[in-house]
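Q: The following block contains the structure, expressed as structure tokens.
Residue numbers (my numbering): 2 to 192.
Put into structure tokens, the structure is as follows:
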């Protein structure tokens with residue numbers, strides 16, 4: 002799924018989440034790195050919009066999905082360096098995000114479950130709703146996508162360079178086998 006800025010062109014989605022995106026507490030997520038190559042706000046919007054699209058296609062509650070997707074990582078610390086006595090980041094941050102989200106807006110039961118259970122797989126918190134499972138799966142997908150995207154670009158570039166070098170060496174080998182001249186010299190005279 003490719004999100005980037007495409008969500009801005011979806012007026013229904015924007016209408017569902019614009020009040021949340023206007024809040025300073027949500028805007029502040031842009032100040033925190035999420036998966037090395039994105040910030041937490043970009044990540045939350047990507048999870049929200051892609052989850053919204055899946056839920057809508059499946060005729061599920063796409064409004065709750067979109068709103069909870071924006072709020073699922075509503076915490077303000079660097080998860081790579083902050084340590085907790087009561088458990089891991091995967092276990093703690095959904096509760097922190099829920100507490101912070103409840104201060105910003107009223108949440109229905111489904112939105113609460115989506116936020117609390119979005120780390121399903123890393124924790125034993127089993128989603129109660131399909132929408133919760135969707136956000137959990139999309140969150141995993143987006144995390145991997147955000148982390149590996151720059152590496153994929155670099156690997157594609159390296160692959161193209163290797164292919165060019167390989168093709169050049171094959172051409173030179175063919176010339177050598179035919180006894181052709183390269184730069185004025187006979188490469189192989191089959192003596």
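Built from N, CA and C at the ideal position, the CB exists for glycine as well.
For a quick check, are the C-beta atoms of residue 44 and residue 143 less than 8 Å apart?
A: yes
Q: Leaving aside the five residues before and after residue 3 along the sequence, list all residues of the same chain whose C-beta is less than 6 Å from its C-beta, in chain order.
A: Residue confidence is low: residue 3 scores 49 on pLDDT, short of 50, so the model does not pin down where it sits. Its coordinate-derived value is still stated next. Once the five neighbours on either side are set aside, residue 3 has no close Cβ partner at all.
Q: What separation, rounded to the nearest whole angstrom, lies between the Cα atoms of residue 169 and residue 136?
A: 48 Å
Q: If residue 104 and residue 114 are in contact, beta carbons under 8 Å, what's the gap, nearest whole angstrom?
A: About 18 Å; that fails the 8 Å criterion.
Q: Got a sec, what are the start and stop residues for the alpha helix (DSSP H) residue 12 sits in?
A: 12 to 22
Q: Suppose the cutoff is 7 Å on Cβ atoms and the five residues either side in sequence are ignored; what does the same chain contact list for residue 140 look like?
A: 48, 73 and 119
Q: Let me make sure I understand the geometry here. Which of 22, 57, 138 and 52 has the alpha-carbon closest to that of residue 102?
A: 22
Q: Cβ atoms of residue 17 and residue 67: under 8 Å apart, would you say?
A: Contact check for residue 67 against residue 17 passes: the beta carbons are separated by less than 8 Å.
Q: Looking at residue 8: is its Cβ nearer than 8 Å to the Cβ of residue 50?
A: yes
Q: Strictly by DSSP, which residues pair up with residue 40?
A: Residue 40 pairs with 34.
Q: Are residue 65 and residue 10 close, meaning C-beta to C-beta below 8 Å?
A: no
Q: Can you give the Cα-Cα distance for residue 52 and residue 70, rounded to whole angstroms?
A: 7 Å
Q: Rounded to whole angstroms, what's the CA-CA distance from residue 26 to residue 162? Just pull it up for me.
A: 45 Å
Q: Between the alpha carbons of residue 125 and residue 99, how many angstroms are there, rounded?
A: 17 Å
Q: Under the three-state reduction of DSSP, which class applies to residue 106: helix, strand or coil?
A: coil
Q: Using CA coordinates, which residue listed in 60, 156, 59 and 5 is at the minimum distance from residue 42?
A: 5
Q: Excluding the 5 residues flanking residue 40 on each side, which residues of the same chain have their C-beta closer than 8 Å to its C-beta?
A: Within the same chain, residue 40 has close Cβ partners 30, 31, 32, 33 and 34.
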